[in-house]
Amino acid sequence: MPTSTTTMNDTKTAIIDAAEIMMAEHGVNGVSIRAILAKAEANPAALHYHFNSRDGLIEAMIARYGRIPSLRRLELMSEFDRSGRSPSVQDVVNFIVDPMIDLLKQHGDAGRRFLRFVARLQSDRTGLHLFEERKHFPEIRERLEGMLVEACPIAPKAELEIRITMMIDTMLQSLSNAKFMTQEWDGEGPQEDLAQFARTLKAFLAGGLAAPAS
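The numbering used here puts the first residue of the sequence shown at 7, with every later residue one more than the last.
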(Lines of atoms letter the chains of each structure in order from A; the text may use other names.)
(Lines give C-alpha, C1' and ligand atoms only; values in the text may rest on other atoms or scores of the structure.)
Protein backbone atom coordinates (compact mmCIF):
# COMPACT_ATOMS: atom_id res chain seq x y z
CA MET A 7 0.00 0.00 0.00
CA PRO A 8 1.53 3.40 -0.99
CA THR A 9 2.43 5.80 1.79
CA SER A 10 1.08 9.35 1.96
CA THR A 11 4.54 10.66 1.00
CA THR A 12 4.58 8.48 -2.11
CA THR A 13 1.10 9.69 -3.02
CA MET A 14 2.14 13.33 -2.62
CA ASN A 15 5.24 12.82 -4.77
CA ASP A 16 3.15 11.08 -7.41
CA THR A 17 0.74 14.01 -7.45
CA LYS A 18 3.58 16.51 -7.77
CA THR A 19 5.07 14.55 -10.68
CA ALA A 20 1.68 14.22 -12.36
CA ILE A 21 1.13 17.99 -12.23
CA ILE A 22 4.58 18.73 -13.69
CA ASP A 23 4.12 16.09 -16.40
CA ALA A 24 0.72 17.47 -17.38
CA ALA A 25 1.95 21.06 -17.45
CA GLU A 26 5.00 20.10 -19.50
CA ILE A 27 2.94 18.37 -22.17
CA MET A 28 0.28 21.06 -22.39
CA MET A 29 2.62 24.05 -22.29
CA ALA A 30 4.84 22.52 -24.96
CA GLU A 31 1.76 22.41 -27.17
CA HIS A 32 0.08 25.70 -26.29
CA GLY A 33 2.72 27.87 -24.58
CA VAL A 34 2.96 28.89 -20.93
CA ASN A 35 0.21 31.48 -21.34
CA GLY A 36 -2.03 29.28 -23.46
CA VAL A 37 -2.94 26.76 -20.76
CA SER A 38 -5.01 27.34 -17.63
CA ILE A 39 -4.06 25.92 -14.27
CA ARG A 40 -7.52 24.36 -14.14
CA ALA A 41 -6.82 22.42 -17.36
CA ILE A 42 -3.43 21.25 -16.05
CA LEU A 43 -4.93 20.05 -12.78
CA ALA A 44 -7.71 18.26 -14.64
CA LYS A 45 -5.20 16.39 -16.80
CA ALA A 46 -3.14 15.53 -13.72
CA GLU A 47 -6.27 14.52 -11.77
CA ALA A 48 -5.22 16.87 -8.98
CA ASN A 49 -6.90 19.68 -7.09
CA PRO A 50 -5.96 23.34 -6.47
CA ALA A 51 -4.80 22.53 -2.95
CA ALA A 52 -2.14 20.21 -4.39
CA LEU A 53 -0.85 22.99 -6.66
CA HIS A 54 -0.56 25.37 -3.72
CA TYR A 55 1.05 22.73 -1.50
CA HIS A 56 3.75 21.68 -3.98
CA PHE A 57 4.39 24.89 -5.95
CA ASN A 58 2.63 27.76 -4.16
CA SER A 59 1.75 29.40 -7.50
CA ARG A 60 1.81 29.10 -11.28
CA ASP A 61 5.27 30.69 -11.33
CA GLY A 62 6.46 28.15 -8.79
CA LEU A 63 5.18 25.35 -10.99
CA ILE A 64 7.05 26.66 -14.03
CA GLU A 65 10.23 27.06 -11.99
CA ALA A 66 9.90 23.45 -10.80
CA MET A 67 9.34 22.29 -14.38
CA ILE A 68 12.56 23.92 -15.56
CA ALA A 69 14.55 22.78 -12.52
CA ARG A 70 13.55 19.12 -12.83
CA TYR A 71 15.69 18.46 -15.93
CA GLY A 72 17.03 21.88 -16.91
CA ARG A 73 20.12 21.74 -14.74
CA ILE A 74 21.25 18.40 -16.15
CA PRO A 75 22.41 19.79 -19.54
CA SER A 76 24.01 22.79 -17.84
CA LEU A 77 26.03 20.61 -15.49
CA ARG A 78 27.08 18.40 -18.39
CA ARG A 79 28.09 21.51 -20.36
CA LEU A 80 30.37 22.58 -17.53
CA GLU A 81 31.90 19.09 -17.42
CA LEU A 82 32.65 19.20 -21.15
CA MET A 83 34.20 22.64 -20.81
CA SER A 84 36.40 21.47 -17.94
CA GLU A 85 37.56 18.48 -19.99
CA PHE A 86 38.34 20.83 -22.86
CA ASP A 87 40.32 23.17 -20.61
CA ARG A 88 42.51 20.28 -19.53
CA SER A 89 43.29 19.45 -23.16
CA GLY A 90 45.09 22.77 -23.67
CA ARG A 91 43.64 23.17 -27.19
CA SER A 92 42.34 26.35 -28.74
CA PRO A 93 38.57 26.20 -29.27
CA SER A 94 37.09 25.52 -32.69
CA VAL A 95 33.61 26.23 -34.02
CA GLN A 96 32.87 22.51 -33.75
CA ASP A 97 33.82 22.57 -30.07
CA VAL A 98 31.27 25.32 -29.42
CA VAL A 99 28.59 23.37 -31.27
CA ASN A 100 29.41 20.24 -29.28
CA PHE A 101 29.16 22.10 -25.98
CA ILE A 102 25.67 23.31 -26.87
CA VAL A 103 24.21 20.26 -28.60
CA ASP A 104 25.77 17.23 -26.91
CA PRO A 105 24.30 17.85 -23.42
CA MET A 106 20.80 18.01 -24.92
CA ILE A 107 21.36 14.78 -26.85
CA ASP A 108 22.70 13.15 -23.67
CA LEU A 109 19.55 14.22 -21.83
CA LEU A 110 17.40 12.52 -24.46
CA LYS A 111 19.50 9.36 -24.39
CA GLN A 112 19.51 9.10 -20.61
CA HIS A 113 15.95 10.15 -19.79
CA GLY A 114 14.04 8.84 -22.80
CA ASP A 115 10.46 10.05 -23.09
CA ALA A 116 10.79 12.31 -20.04
CA GLY A 117 13.74 14.07 -21.71
CA ARG A 118 11.80 14.32 -24.97
CA ARG A 119 8.86 16.01 -23.23
CA PHE A 120 11.16 18.42 -21.41
CA LEU A 121 13.05 19.42 -24.57
CA ARG A 122 9.80 20.12 -26.41
CA PHE A 123 8.70 22.29 -23.47
CA VAL A 124 11.98 24.26 -23.51
CA ALA A 125 11.75 24.68 -27.29
CA ARG A 126 8.34 26.29 -26.79
CA LEU A 127 9.75 28.62 -24.13
CA GLN A 128 12.50 29.61 -26.58
CA SER A 129 10.17 30.19 -29.54
CA ASP A 130 7.75 32.21 -27.39
CA ARG A 131 10.70 34.31 -26.15
CA THR A 132 9.61 33.96 -22.55
CA GLY A 133 13.24 33.86 -21.40
CA LEU A 134 12.22 31.73 -18.41
CA HIS A 135 14.68 28.88 -19.04
CA LEU A 136 17.49 31.31 -19.86
CA PHE A 137 16.82 33.24 -16.66
CA GLU A 138 17.14 30.03 -14.65
CA GLU A 139 20.37 29.06 -16.38
CA ARG A 140 21.92 32.49 -15.83
CA LYS A 141 20.85 32.43 -12.20
CA HIS A 142 22.47 29.05 -11.47
CA PHE A 143 25.17 28.88 -14.16
CA PRO A 144 26.05 32.49 -15.10
CA GLU A 145 29.42 31.54 -16.57
CA ILE A 146 28.15 29.28 -19.36
CA ARG A 147 26.94 31.87 -21.87
CA GLU A 148 29.97 34.09 -21.31
CA ARG A 149 32.34 31.18 -21.88
CA LEU A 150 30.57 30.05 -25.04
CA GLU A 151 30.72 33.55 -26.49
CA GLY A 152 34.40 33.88 -25.56
CA MET A 153 35.25 30.57 -27.20
CA LEU A 154 33.39 31.53 -30.36
CA VAL A 155 35.21 34.87 -30.53
CA GLU A 156 38.50 32.96 -30.32
CA ALA A 157 37.38 30.44 -32.93
CA CYS A 158 36.06 33.12 -35.35
CA PRO A 159 38.30 36.16 -34.84
CA ILE A 160 37.19 37.82 -38.09
CA ALA A 161 33.51 38.15 -37.19
CA PRO A 162 32.42 40.99 -34.87
CA LYS A 163 31.62 39.92 -31.29
CA ALA A 164 28.08 41.37 -31.51
CA GLU A 165 27.34 39.24 -34.55
CA LEU A 166 28.71 36.12 -32.89
CA GLU A 167 26.40 36.68 -29.92
CA ILE A 168 23.47 36.79 -32.34
CA ARG A 169 24.70 33.62 -34.04
CA ILE A 170 24.73 31.74 -30.73
CA THR A 171 21.10 32.71 -30.13
CA MET A 172 20.22 31.64 -33.68
CA MET A 173 22.05 28.36 -33.13
CA ILE A 174 20.13 27.61 -29.93
CA ASP A 175 16.86 28.48 -31.70
CA THR A 176 17.69 26.15 -34.57
CA MET A 177 18.84 23.33 -32.30
CA LEU A 178 15.72 23.38 -30.12
CA GLN A 179 13.21 23.81 -32.94
CA SER A 180 14.87 21.26 -35.19
CA LEU A 181 15.00 18.67 -32.42
CA SER A 182 11.52 19.31 -31.04
CA ASN A 183 9.90 19.11 -34.48
CA ALA A 184 11.78 16.06 -35.76
CA LYS A 185 9.34 13.28 -36.63
CA PHE A 186 10.70 10.91 -34.00
CA MET A 187 10.37 13.65 -31.34
CA THR A 188 6.65 14.24 -31.88
CA GLN A 189 5.74 10.69 -30.90
CA GLU A 190 5.83 9.07 -27.47
CA TRP A 191 8.86 6.87 -26.86
CA ASP A 192 9.11 3.43 -25.36
CA GLY A 193 12.05 3.18 -23.00
CA GLU A 194 15.10 5.07 -24.27
CA GLY A 195 13.55 6.12 -27.57
CA PRO A 196 14.86 5.87 -31.14
CA GLN A 197 18.58 5.92 -30.38
CA GLU A 198 19.76 5.37 -33.97
CA ASP A 199 17.51 8.09 -35.41
CA LEU A 200 18.60 10.47 -32.65
CA ALA A 201 22.31 9.83 -33.25
CA GLN A 202 21.99 10.39 -37.01
CA PHE A 203 19.93 13.52 -36.49
CA ALA A 204 22.50 14.87 -34.03
CA ARG A 205 25.33 14.42 -36.55
CA THR A 206 23.39 16.24 -39.27
CA LEU A 207 22.29 19.00 -36.90
CA LYS A 208 25.82 19.65 -35.61
CA ALA A 209 27.27 19.80 -39.12
CA PHE A 210 24.59 22.32 -40.12
CA LEU A 211 25.08 24.50 -37.05
CA ALA A 212 28.88 24.52 -37.42
CA GLY A 213 28.48 25.72 -40.99
CA GLY A 214 26.27 28.60 -39.90
CA LEU A 215 28.56 29.67 -37.07
CA ALA A 216 31.63 29.63 -39.30
CA ALA A 217 29.98 31.50 -42.21
CA PRO A 218 31.69 34.73 -43.39
CA ALA A 219 30.71 37.81 -41.43
CA SER A 220 27.86 39.83 -42.87
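The beta carbon of each residue, even a glycine, is placed where N, CA and C say it ideally should be.
Straight-line spacing of the CA atoms in residue 33 and residue 71 works out to 18 Å. Annotation: residue 132 is outside any alpha helix (DSSP H) and is labelled neither H nor E by DSSP. Taking C-beta atoms as the reference points, residue 121 and residue 181 count as a pair closer than 8 Å. The three-state secondary structure of residue 160, taken from DSSP, is coil. Around the beta carbon of residue 185, fewer than 16 other beta carbons sit within 10 angstroms, so the residue counts as exposed. It is roughly 10 Å from the alpha-carbon of residue 98 to the alpha-carbon of residue 149. The beta carbons of residue 96 and residue 219 sit no closer together than 8 Å. Rounded to whole angstroms, the gap between the alpha carbons of residue 93 and residue 179 is 26 Å.
DSSP places residue 208 in the uninterrupted alpha helix (DSSP H) bounded by 197 to 215. In this structure, the CA atom of residue 63 is about 35 Å from the CA atom of residue 153. Contact between residue 110 and residue 74 does not hold, since the beta-carbon distance rounds to 11 Å and is not under 8 Å.
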